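Undergrad:
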Amino acid sequence: MFSTLRSLELGIPDLRLHDLRHTHASFLINTGRSLFEVQNILGHSTPQMTQRYDHLSTETLQESANSASKAFGKAIGLSD
Numbered sequence: 001m002f003s004t005l006r007s008l009e010l011g012i013p014d015l016r017l018h019d020l021r022h023t024h025a026s027f028l029i030n031t032g033r034s035l036f037e038v039q040n041i042l043g044h045s046t047p048q049m050t051q052r053y054d055h056l057s058t059e060t061l062q063e064s065a066n067s068a069s070k071a072f073g074k075a076i077g078l079s080d
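Number 4 in the working numbering belongs to position 4 of the sequence shown; there are no gaps in the numbering.
In structure tokens form, the structure reads like this:
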């Protein structure tokens with residue numbers, strides 16, 4: 001399969017199979033999959049191995065911060 005990808009001449013120098021795996025894992029995490037789920041998908045034996053792929057996008061981090069802020073506001077009666 002990887003030789004097929006290389007033969008496509010994607011214009012990405014030094015593309016490695018690991019790069020595709022890393023990108024896939026990062027996408028999974030950024031779309032809301034838990035580290036536990038990604039760990040099992042990738043077959044990692046420890047959560048620490050999976051955390052290397054945990055590159056959250058700025059947008060994902062902002063959404064998390066907003067969610068926490070809304071929950072806190074609701075808990076102290078500042079919002080609906």
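Beta carbons are placed, not taken as given, at the ideal position from N, Cα and C, and that holds for glycine.
None of these values were measured; they are calculated from a predicted model.
With distances taken from CA atoms, which of 55, 22, 31, 27 is nearest residue 83?
TA: With the chain represented from 1 up to 80, any question about residue 83 goes unanswered, as that position is not in the structure.
Undergrad: Do you know offhand how far residue 32's Cα is from residue 14's?
TA: 29 Å
Undergrad: Assuming the contact rule is C-beta atoms closer than 8 Å, residue 46 and residue 38 should be a hit. Round their C-beta distance to whole Å, please.
TA: Actually they are not in contact, since the Cβ atoms of residue 46 and residue 38 sit about 12 Å apart, beyond 8 Å.
Undergrad: For residue 54, name the three-state secondary structure that DSSP assigns.
TA: Three-state result, residue 54: coil.
Undergrad: Mark residue 41 as exposed unless 16 or more other C-beta atoms lie within 10 angstroms of its C-beta, in which case mark it buried.
TA: exposed
Undergrad: Is the distance from the Cβ of residue 55 to the Cβ of residue 26 below 8 Å?
TA: yes
Undergrad: Assuming residue 53 and residue 29 are in contact, meaning their beta carbons sit under 8 Å apart, how far apart are those beta carbons, in whole angstroms?
TA: 6 Å
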